[in-house]
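The structure appears right after this line, and notes come after that.
In this note's numbering, the protein residues as written are 3 to 374.
What follows is the structure, encoded as structure tokens:
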């Protein structure tokens, strides 16, 4: 098999590619992984995988000697299938698979968001694999509705969360203290509410700020982890609100497992209808409760009342209620929810399950090709 990564792959795509490659190798198969940025290439090499250069830039695809070399590798090693990660490189991957005379499978870690008929028509060309793997039932419904894909053309394979990487028992107190110090929280006794993928959007910040400022809530520090380009605008907006003493904007997290262990609660509050949030899944693997919205794939991310809470999108009152319920739990309820969260991830989002379902799909595609 050959996996193609985009030029700037998101971490979930690289993680999935490595896990699938390892599973195939364990069964005696052969996997080549191509593409990615230098950091991704380093991860692949360190994992002991066969990595080759590749770029999904459509205009330069067949002008590239590296691409021709990759085609030669496909034929010399008798690779039987191409699996591209991300719809952004769909056109280039389709051209490559056709040149190699191989079937193309695609994983959409995120979904294209076209507007209007012409936008959907253009975007559909990029969703070029068949079948298309998506991470949630919500994403599958979107592809079928917006791009006219049939049921058989879309498969839901949930991501796998590594239990060794996100195991609270393996995160030392020193790592947690180091993360707290990096955020200036070493001497702050308040519980930490972690908000990954924070937005500098004014309406989103107002929603969060209104909830955080509610006097009915227990005092806590809300750590918003956002992008550097939005920092100045976000900090200015926060300073104007009533929750400025509770909200802190930070640009980066170097140790997510330590951050989850530091947190009393994790909020996954996207600006738009979400897919599956990896941070929400990882936090539950660490035994932390999660609050997310009831739009998009939110209902697939948590088990309401057991591992977390669902809130109405941009409804401050709903968010206040859920945060209050999370912070007011006694130790017995905390332990019960932590166990339920870990079991939920181990059952529904295990790496082994993702590997098994992906390899089964490979076999199905190859069997159909042989039968055809």
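We treat Cβ as the ideally placed atom computed from N, Cα and C, and that holds for glycine.
Under DSSP, residue 8 shares a beta bridge with no residue.
A residue is called buried once 16 or more other Cβ atoms fall within 10 Å of its Cβ, and residue 44, having fewer, is exposed. Counting along the chain, residue 325 sits inside no beta strand (DSSP E); it lies in the alpha helix (DSSP H) bounded by residues 318-329. A direct Cα-to-Cα measurement between residue 114 and residue 339 gives close to 35 Å. For the stretch 13-90, the continuous beta strand (DSSP E) assignments of 3+ residues that do not extend past its boundaries occur at 34-37, 52-54, 84-87, in sequence order. DSSP, read as helix, strand or coil, puts residue 113 in coil. A straight line joining the alpha-carbon of residue 14 with that of residue 278 spans about 11 Å.
Membership of residue 135 in the beta strand (DSSP E) is indicated by the continuous run 134-136.
Distance between residue 239 and residue 195, taken at the CA atoms: about 19 Å. Counting along the chain, the unbroken beta strand (DSSP E) around residue 268 starts and ends at 267-270. In the assembly as shown, residue 17 is a buried residue. Its beta-carbon has 16 or more other beta-carbons within 10 Å.
Residue environment analysis places residue 163 among the buried positions, since at least 16 neighbouring C-beta atoms fall within 10 angstroms of its C-beta. Between residue 293 and residue 310, the CB-CB gap stays under 8 Å. A check of alpha carbon separations from residue 330 across 228, 291, 178, 8 identifies 291 as the nearest. Looking at the DSSP output, residue 108 shares a beta bridge with 86, 134. For residue 310, no alpha helix (DSSP H) encloses it; the enclosing beta strand (DSSP E) starts and ends at 310-313. Counting only the Cα atoms, residue 191 lies some 16 Å from residue 262. As the crow flies, the alpha-carbon of residue 110 is around 34 Å from that of residue 214. Counting every other CB atom within 10 Å of its CB across the protein chains shown gives residue 85 a total of 16 or more, marking it as buried. Below 8 Å, too few C-beta pairs join the stretch 218-230 and the stretch 159-175 to call them touching: fewer than three. Residue 302 and residue 211 have their C-alpha atoms roughly 26 Å apart. Non-local beta-carbon contacts of residue 28 in its own chain, meaning distances under 6 Å to residues more than five positions away in sequence, are absent.
With respect to the 8 Å criterion, residue 273 and residue 201 are classified as neighbours on the basis of their beta carbons. Here residue 3 is buried. Its C-beta has 16 or more other C-beta atoms within 10 Å. Between residue 267 and residue 351, the CB-CB gap reaches or exceeds 8 Å.
About 16 Å separates the Cβ atoms of residue 7 and residue 128, ruling out a contact at the 8 Å cut-off. Inter-segment contact for the stretch 94-108 and the stretch 125-141 is present: three or more beta-carbon pairs are separated by less than 8 Å. Looking at the DSSP output, residue 174 bridges to nothing. A buried status is given to residue 5, since no fewer than 16 other beta-carbon atoms sit within 10 Å of its beta-carbon.
Where residue 224 is concerned, the enclosing beta strand (DSSP E) starts and stops at 223-227. DSSP places residue 217 in the coil class of the three-state scheme, outside both helix and strand. Secondary structure at residue 349: helix, using DSSP grouped into helix, strand and coil.
Residue 359 has its alpha-carbon roughly 48 Å from the corresponding atom of residue 241. For residue 157, the enclosing beta strand (DSSP E) has its first and last residue at 156-158.
With contacts defined as CB atoms closer than 8 Å, residue 357 and residue 154 fail to qualify as a contacting pair.
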